[in-house]
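Novice:
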Amino acid sequence: MVSLPEIPPGVRAAGRRADHRRDAHRNVRRAGRRRAGHHGPCRGDGPDAARLRRGLVLHPVRGGARRTAGCRRGHGVRHFTVVTAPLPPALVLTAGLGTRLAPLTRVRAKPAVPVSGTPLILRLLRWLAAQGVPAAVLNLHHLPHTITRCVGPGAESGLAVRYSWEPAILGTAGGPRRALALLGPRFFVINGDSLAAVDLAAMLQAHEARGAQVTLAVTANPAPEHYGGVVVDGRGRVSGFCPPGRHTGLHFLGVQLVESAVFAGLPEGEPAASIGGVYNVLAAGSAGAVDTFAGGTTFHDIGTPADYLAASLALACADGLAAPAPGARCTVDASATLERTAVWDDVAIGADCRLTDCIVTDGARIPAGRPFPRHSAGAAGGPVPTGAQRAGDLWLSPLPAAQPAPAAP
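In this note's numbering, the protein residues as written are 1292 to 1700.
Structure representation (structure tokens):
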């Protein structure tokens, strides 16, 4: 978990302005009841809190109404803003190769990796459903079956899901361009490789009130040497972007709200970037076209294997677990010891094994009596991943330290 410092006052104020609308505390209608034996989401209802597993679901949803203020339980969003209009759909960016997470992404696409027993993409979709997002589109390219087999049409996540196939990766602007026909005139864009707590209803109100074409959820940058920055003026409007290094830019949380017209003029099927491309041109041409919204104070980056393990441990703690939940169909000998270790599906761990700070991927068989400190491991059914070594029926890859995050002042 990345501990984040305070938001600069100008951006914080921008995120608050829309909260004063006179209809901000109006209730929404309650979700309809289910018929006996019916297990799918009710058409037209809000998300069913009973079916939403714990994860990045920050508060229970009761009767479809969101909290208005003062809630301090859990991590992430401090309150939900009540709105009567439905939220726009979301595009979740899940097509990437996940090169930073290699060799784990040789086994699954990054959004499909289990974070404390629950695939990352399901945590994201349940979080969207809990806030009232009715539907999501996922773009696909790398190992798409690992995503579709756990998401399907969305029944397990509480919202309708459709897919946008990319024969070649189209990037952070080309991907949205290709999916426009599935999304409508306005939609959220959510990074599929991180978890952040952002109040989407309040973000929508701020976006409308300030007349932006793009609104980026941001916070103070916790590690400028590791993350690029969003450069803003005194009113929180984006004036540019800067690469990692010594800078004072804000940190983009991977959550944004966009008007479809931003992408409509791009050639379909051609790669294009949003940050570092379309958004730079948009911000330079019109002040306020790209705006910011003060996001949450919790951010989990599923970047490198070490970052992934740190996030899995943090989410296990948030779920009330002493350790990350193991995957399906796993067998762990009673004499084995697992410390700060993530175990995926179909794993067998033999007697007297000691795994410390490890990631064991699908189908791996850890032989009896083996100590493994700080490694990722997988079944060696093909070429050994770059940087890994073969050990019998396994490949092993050393696990470097996670990116340190400075504490909030």
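Using N, Cα and C, we set each Cβ at its ideal position, and we do this for glycine too.
State the DSSP-derived secondary structure class of W1456, mapped to helix, strand or coil.
Specialist: Numbered from 1 along the sequence shown, position 165 holds the residue referred to as residue 1456. In the structure shown, W1456 sits in a strand (DSSP, three-state: E or B).
Novice: Between I1566, V1546, E1499, L1419, which has its C-alpha nearest S1530's C-alpha?
Specialist: Within the sequence shown, residue 1530 is the residue found at index 239, counting from 1. Looking at the Cα atoms, I1566 is the closest of the given residues.
Novice: Is R1469 close to chain D, meaning its C-beta is less than 8 Å from at least one C-beta of that chain?
Specialist: As a matter of chain content, chain D is missing from the structure shown, which is built from one protein chain.
Novice: Answer with buried or exposed for P1664, where buried requires no fewer than 16 other C-beta atoms within 10 angstroms of its C-beta.
Specialist: On the sequence shown, residue 1664 is found 373 positions in, with the first residue counted as 1. Answer is exposed; the Cβ neighbour count stays below 16.
Novice: R1363 to D1490, Cα distance in whole Å?
Specialist: Within the sequence shown, the letter at position 72 stands for residue 1363. Within the sequence shown, the letter at position 199 stands for residue 1490. Any reading at R1363 must be qualified, since the residue scores a pLDDT of 36, below 50, and its modelled position is unreliable; no value is offered.
Novice: Ordered along the chain, which non-local residues of its own chain (more than five positions away) have a Cβ less than 6 Å from that of G1408?
Specialist: Along the sequence shown, read from residue 1 onward, the residue named residue 1408 stands at position 117. These residues qualify, in order along the chain: A1616.
Novice: Compare the Cα-Cα distances from L1384 to each of T1437, W1418, G1466, L1419 and report the closest residue.
Specialist: Along the sequence shown, read from residue 1 onward, the residue named residue 1384 stands at position 93. If we check each option's Cα against that of L1384, G1466 comes out closest.
Novice: Assuming D1637 and G1660 form a contact by the criterion Cβ under 8 Å, report the distance between their Cβ atoms to the nearest whole angstrom.
Specialist: Translated into the one-based positions of the sequence shown, residue 1637 becomes position 346. Translated into the one-based positions of the sequence shown, residue 1660 becomes position 369. No, D1637 and G1660 are not in contact; Cβ-Cβ is about 21 Å, not under 8 Å.
Novice: What are the uninterrupted segments assigned as alpha helix (DSSP H) that are 4 or more residues long and contained completely in the region 1507-1582, given in chain order?
Specialist: DSSP runs (the alpha helix (DSSP H)) wholly in the region 1507-1582: 1552-1555, 1570-1576.
Novice: According to the Cβ coordinates, are V1428 and I1481 closer than 8 Å?
Specialist: Taking the sequence shown and counting its residues from 1, the one referred to as residue 1428 is at position 137. Taking the sequence shown and counting its residues from 1, the one referred to as residue 1481 is at position 190. Against a cut-off of 8 Å, the Cβ pair of I1481 and V1428 comes out as no contact.
Novice: Is DSSP giving V1442 helix, strand or coil here?
Specialist: Numbered from 1 along the sequence shown, position 151 holds the residue referred to as residue 1442. Three-state DSSP puts V1442 in a helix.
Novice: Could you check if L1507 belongs to the surroundings of the ligand ATP, using beta carbon to heavy atom distance under 7 Å?
Specialist: Among the ligands in the structure shown, none appear at all, so the ligand ATP cannot be discussed.
Novice: If you follow the beta strand (DSSP E) that T1647 is in, where does it begin and where does it stop?
Specialist: Taking the sequence shown and counting its residues from 1, one reaches residue 1647 at position 356. Start and end: 1645-1647.
Novice: In chain order, what residues of the same chain have a beta carbon less than 6 Å from the beta carbon of V1623, not counting five sequence neighbours either side?
Specialist: Numbered from its first residue, the sequence shown carries residue 1623 at position 332. The answer, listed in chain order, is I1640.
Novice: For the candidate residues T1632, C1441, R1620, R1477, whose alpha-carbon lies nearest to that of R1414?
Specialist: Sequence index remark: in the sequence shown, residue 1414 carries index 123 (1-based). When each option's Cα is compared against that of R1414, the closest is C1441.
Novice: For a quick check, are the C-beta atoms of L1573 and Q1504 less than 8 Å apart?
Specialist: Numbered from 1 along the sequence shown, position 282 holds the residue referred to as residue 1573. Numbered from 1 along the sequence shown, position 213 holds the residue referred to as residue 1504. The answer is yes: Cβ separation under 8 Å.
Novice: Return the chain-ordered list of same chain residues with a C-beta closer than 6 Å to the C-beta of Q1680, the five sequence neighbours on each side being excluded.
Specialist: Residue numbering aside, residue 1680 sits at position 389 when the sequence shown is read from its first letter. Cβ within range, chain order: L1687.
Novice: Using 8 Å as the cut-off, can you tell me whether the region 1587-1594 makes contact with the region 1472-1487, which would need three or more C-beta pairs spanning the two stretches below that distance?
Specialist: With the cut-off at 8 Å, the region 1587-1594 and the region 1472-1487 touch.
Novice: Quick one: complete beta strand (DSSP E) runs, 3+ long, within the region 1608-1667?
Specialist: Runs of the beta strand (DSSP E) inside the region 1608-1667: 1628-1630, 1645-1647, 1662-1664.
Novice: Taking all protein chains shown into account, do 16 or more other C-beta atoms lie within 10 angstroms of the C-beta of A1552, making it buried, or fewer, making it exposed?
Specialist: By one-based count along the sequence shown, residue 1552 stands at place 261. So A1552 ends up on the exposed side.
Novice: Under 8 Å by Cβ, that's how I've got L1263 and V1452 pegged, so tell me the actual separation to the nearest angstrom.
Specialist: Residue numbering for the chain in the displayed model covers 1292 to 1700; residue 1263 lies beyond these limits and cannot be assessed.
Novice: Just to confirm my understanding: we take V1518, look at its own chain, exclude 5 residues before and 5 after, and list those with CB closer than 7 Å. What are they?
Specialist: Taking the first residue of the sequence shown as position 1, residue 1518 is located at position 227. Inspection of the sequence shows that residue 1518 is occupied by Tyr rather than by Val. Result list for Y1518: N1512, P1535, H1542, in chain order.
Novice: So what does DSSP say about R1399, is it helix, strand or coil?
Specialist: If you number the sequence shown from 1, residue 1399 lands on position 108. Reduced to three states, the DSSP call for R1399 is coil.
Novice: Using only the alpha-carbon positions, how far apart do G1502 and P1476 sit?
Specialist: On the sequence shown, residue 1502 is found 211 positions in, with the first residue counted as 1. On the sequence shown, residue 1476 is found 185 positions in, with the first residue counted as 1. So the two alpha carbons sit approximately 14 Å from each other.
Novice: Please report the residue range of the beta strand (DSSP E) in which Q1680 lies.
Specialist: Numbered from its first residue, the sequence shown carries residue 1680 at position 389. Per DSSP, Q1680 belongs to the beta strand (DSSP E) from 1680-1682.
Novice: Is the distance from the Cβ of Y1599 to the Cβ of V1581 below 8 Å?
Specialist: In the sequence shown, counting from the first residue as 1, residue 1599 sits at position 308. In the sequence shown, counting from the first residue as 1, residue 1581 sits at position 290. No, the Cβ-Cβ distance between Y1599 and V1581 is not below 8 Å.
Novice: Could you tell me which residues DSSP puts in a beta bridge with H1591?
Specialist: In the sequence shown, counting from the first residue as 1, residue 1591 sits at position 300. Paired residue(s): L1486.
Novice: Per DSSP, L1429 forms a beta bridge with which residues?
Specialist: For the purposes of this step, residue 1429 is identified with residue 138 of the sequence shown, where counting begins at 1. According to DSSP, which records beta bridges pairwise, L1429 is partnered with V1383, Y1454.
Novice: With which residues is G1669 paired in a DSSP beta bridge?
Specialist: On the sequence shown, residue 1669 is found 378 positions in, with the first residue counted as 1. Partner(s): W1686.
Novice: What is the residue span of the alpha helix (DSSP H) that R1501 lies within?
Specialist: Residue 1501 sits at position 210 when you count from the first residue of the sequence shown. Note, R1501: alpha helix (DSSP H), 1491-1501.
Novice: From L1474, V1406, P1394, R1391, pick the residue whose C-alpha is nearest to that of N1430; which is it?
Specialist: Taking the sequence shown and counting its residues from 1, one reaches residue 1430 at position 139. Cα-wise, what sits closest to N1430 is L1474.
Novice: Go ahead and pull the three-state DSSP assignment for A1585.
Specialist: Translated into the one-based positions of the sequence shown, residue 1585 becomes position 294. In the structure shown, A1585 sits in a strand (DSSP, three-state: E or B).
Novice: Using three-state DSSP, classify P1705 as helix, strand or coil.
Specialist: Since the first residue shown for the chain is 1292 and the last is 1700, residue 1705 is missing from the structure and cannot be characterised.
Novice: Residues in its own chain within less than 8 Å of A1692 by CB, not counting five upstream and five downstream?
Specialist: Here residue 1692 refers to the residue found at position 401 of the sequence shown. Within the same chain, A1692 has close Cβ partners A1597.
Novice: If contact is defined by three or more beta carbon pairs under 8 Å, each pair taking one atom from either stretch, is the region 1419-1426 in contact with the region 1493-1502?
Specialist: No, they do not touch.
Novice: Could you tell me the alpha carbon to alpha carbon distance between G1389 and K1401, rounded to whole angstroms?
Specialist: On the sequence shown, position 98 is the one that residue 1389 refers to. On the sequence shown, position 110 is the one that residue 1401 refers to. Using only the alpha carbons, I get a separation of about 6 Å.
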